[in-house]
Amino acid sequence: MPKEQGQGFGFGLGKMKELAAAIQKAQQVQEGAKQLQEDLEQMEIEGAAGGGLVKVVMSGNQEPIRAEITQEAVDKGLDALSELVAEAMKDAYQKSTDTMRERMEDLTGDLNLPGLGG
660 MPKEQGQGFG
670 FGLGKMKELA
680 AAIQKAQQVQ
690 EGAKQLQEDL
700 EQMEIEGAAG
710 GGLVKVVMSG
720 NQEPIRAEIT
730 QEAVDKGLDA
740 LSELVAEAMK
750 DAYQKSTDTM
760 RERMEDLTGD
770 LNLPGLGG
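Sequential numbering from 660 applies to the sequence shown in this note's numbering.
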């Protein structure tokens with residue numbers, strides 16, 4: 660079969676401009692992601708259980724920072740205290756995960772590259 664001439668990559672000038680714009684946007688997203696990572700490391704996200712009897716604080720990256728346990732929680736006994744700590748940890752983890760997801764969606768929301776999001 661004869662080769663068709665002038666096919667190139669099948670990109671017209673308009674497609675090249677779209678590709679250049681997409682690459683520029685991807686670079687902006689990469690820079691934004693780096694800043695987001697730094698912001699998440701500095702965040703303190705609190706999870707609570709038992710109406711505040713136990714609080715757990717994590718960074719936006721789900722790194723534990725501290726736990727606050729009231730005397731009332733201690734007085735409930737070890738089993739109840741263990742459950743309260745676990746619930747507070749789950750609450751903090753869910754909040755930090757939601758925060759990370761929301762911030763990433765804000766960052767990449769208008770990036771229209773095939774196979775990413777949306």
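Ideal placement from N, C-alpha and C gives every residue a C-beta, glycine not left out.
Residue range V713 to M717 is occupied by the beta strand (DSSP E) that includes K714, with no alpha helix (DSSP H) assigned at that position. In the structure shown, G768 falls within a coil segment according to DSSP collapsed to helix, strand and coil.
Beta-bridge partners of I704 (DSSP): M717. A direct Cα-Cα distance of roughly 13 Å separates E697 from M763. Secondary structure at E727: strand, using DSSP grouped into helix, strand and coil. About 15 Å separates the CB atoms of A708 and L737; that is not less than 8 Å, and the two are not in contact.
Within 10 angstroms of the beta-carbon of A679 lie fewer than 16 other beta-carbons, which makes it exposed. In the structure shown, the three-state DSSP call for E677 is helix. In the assembly as shown, A751 is a buried residue. Its beta-carbon has 16 or more other beta-carbons within 10 Å. Taking the Cα positions, A732 is about 20 Å away from M717.
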